[in-house]
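What follows is one structure encoded as structure tokens, with my remarks underneath.
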Amino acid sequence: MPATLQSFVAQGAQMFFVLAIAPAVTGITRKVKARLMRRRGPSIFQPYRDLLKLVRKESVLAPNATWFFRSAPYMIFAFTWVAAALVPTLASGLMFNWAADVVALVALIGAARALLALAAMDAGTAFGGIGSSREMMIASLAEPASLLVALTIAFAAGTTRLPEVAQFLITQPLEIRVSFALAFVALVIVAMAENARIPVDNPATHLELTMVHEAMVLEYSGRHLAMIEAAGHLKLTLYISLIICLFLPFGMAPFDGSADAWAIGIGSYLAKLVLAAVALGVWEVSIAKMRVFRVSEFLGGAFTFAFLAILLEFLSREVQR
């Protein structure tokens, strides 16, 4: 098989693999939370059943909704899927790795968020406006921290392209870098905020005064809600994959590697995903949701960690010179 065709097939396999396993990541987190609460909990495959049920249901539209309200879920899903597919997960050196830039990923995620906020306001309901304003407040604090993390990695690896960053970390001797540790903490905080997880938001609540993400999707139903939910599963997997790629890329296979290398790449990636999903479940059971007015302090901590990370990385490079 020609190298170009092989790279294209590998890119497509990674793209659909991420799409296939994304609901299971959410299912594992829910299962862990239920077991820690001494409940049996739903199956880890329940998110798949929920998506199938929603696709079969009729979509009910708000009276004031326009064409944008109907189209936004598909665009949100497309942007999120593209972003998740660009992150190197199973292998590196794939066909579209040239586009796997951290800044581009932040832009894609921001575009999907903006579409969801506009669609929520398009319905003309009070909940949509409340959720959109809160989401934009969170985004205004999370995006600068994300970009500072990207710049920290760029200072170390000399590039913001994820495959090259992963290759840089794989080839470097294993060591503890304070700047990377701070960037890791900052990115984890941003990931929890972007995915509406505790302590920023509770994905299982429908209380009017505390909802953020759920307030924006209250008017959606049927296949439109299925697209929103699928995008949410993909977004969680995207951030976990991004953390793995930036800080724990070990085990990733080259696209032209042997079957054993691909088996190792798939196995290591799945093991990291499961560990991250379990850790997220344990974390959410161990902590309470904070008030909306304290979210700025929480994300301010992420910005502080990211700023200290880039400062330490810059100083270390100056000392080495």
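Numbering-wise, numbering that gives the first Met the number 0 puts 44 at position 45 of the sequence shown, and it's gapless, one number per residue. Virtual Cβ for every residue (Gly too), placed ideally from N, Cα, C. Being a predicted model, the structure only gives us computed values, none of them experimental.
- For the set Pro-143, Met-210, Val-211 and Phe-44, the Cα lying nearest the Cα of Leu-186 is the one of Pro-143.
- Annotated as proximal: Pro-198 and Ala-287, with beta-carbon spacing under 9 Å.
- Residue range 258-285 is occupied by the alpha helix (DSSP H) that includes Ile-265.
- C-alpha of Phe-167 to C-alpha of Ile-175: approximately 15 Å in a straight line.
- Taking 8 Å as the upper bound for CB-CB distance, Ile-188 and Ala-301 are in contact here, some 4 Å apart.
- When the alpha-carbon of Ala-149 is set against those of Arg-38, Val-318 and Glu-312, the nearest one is in Glu-312.
- As for any alpha helix (DSSP H) of minimum length 4 sitting wholly inside the stretch 194-236, the runs are 212-215, ordered along the chain.
- At a Cβ-Cβ threshold of 9 Å, Phe-78 and Ile-108 count as neighbours.
- Every alpha helix (DSSP H) stretch that sits fully inside the stretch 70-142 and reaches 4 residues is listed by chain position as 101-121.
- Residue state for Pro-41 is assigned as coil, using DSSP reduced to three classes.
- In this model, Leu-53 and Ser-178 are separated by some 44 Å (Cα to Cα).
- When DSSP states are grouped into helix, strand and coil, Arg-160 belongs to the strand group.
- Taking each of Ser-145, Ala-182, Gly-266 and Glu-218 in turn and checking the Cα distance to Ala-64, the smallest one comes out for Glu-218.
- Distance between Ala-276 and Trp-66, taken at the CA atoms: about 36 Å.
- The straight-line gap separating the alpha-carbon atoms of Ile-263 and Leu-89 is approximately 9 Å.
- By the Cβ rule, the stretch 279-299 does not count as touching the stretch 86-106, because fewer than three pairs are nearer than 8 Å.
- In this structure, the straight-line span from the alpha carbon of Ala-116 to that of Glu-317 is close to 42 Å.
- The Cβ neighbour count for Ala-98, taken over all protein chains shown within 10 Å, is under 16; the residue is labelled exposed.
- Going by C-alpha positions, Arg-112 is about 27 Å away from Leu-269.
- DSSP, reduced to helix, strand and coil, places Ala-301 within a helical segment of the structure shown.
- Buried is the label assigned to Glu-228, since at least 16 other Cβ atoms lie within 10 Å of its Cβ.
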